[in-house]
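To convert, note that position 148 of the sequence shown is 130 in this note's numbering; the numbers rise steadily by one, no gaps.
Don't be surprised by glycine CBs; every beta carbon is placed ideally from N, CA and C.
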Amino acid sequence: MVDDSWGVTPPRGGLRVRTNDSLEERAAARAKAREARAADRGALMAERMEARAAFRERETLARETERAARREAEEAAAARDPHAAAAKRHRTSGRKDVVREQRDTRGYTTVVDEGRIRELSKRGASLSGLAAAFGIKPEEIEHILATAEPC
């Protein structure tokens, strides 16, 4: 038995207490101490879990508040300038609610490519459709198709 008087550091649990208890009584005391430690661990774990749950709840509320503020800011920006808001919006496949601009194509000129006209005609395009697409008269389309080069 280690004694304090010899300058030796006592074991972790302190000095061993000599007792006249029987083996069964000492085993019961150890079991009781073990159960108390397990109950303490369980209480600490429950307290830690509750703290974590409360922290997660606070973080979730903060994120939702931030999202709502961001959404309101985006809606206010969209109300001021719908084109800029549409340009900044993250899109999935297919542009569903984007503001469309109609381009002024009156000044555009279409290159009249005879090979292209012949190919579109082979695919079933009508003479009036080709004339409208290329901006020329249907008679000119007929002339281009009549002077087809042999392949």
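For L102 and E96, the gap between their C-alpha atoms comes out near 10 Å. Going by C-alpha positions, R98 is about 14 Å away from E122.
The three-state secondary structure of D63, taken from DSSP, is coil.
Sorting Y90, A128, R40, H125 by C-alpha distance to the C-alpha of A115 places Y90 at the top. At a Cβ-Cβ threshold of 7 Å, A130 and R100 count as neighbours. In the DSSP annotation of this structure, the continuous segment of the alpha helix (DSSP H) that includes G111 starts and ends at 109 to 116.
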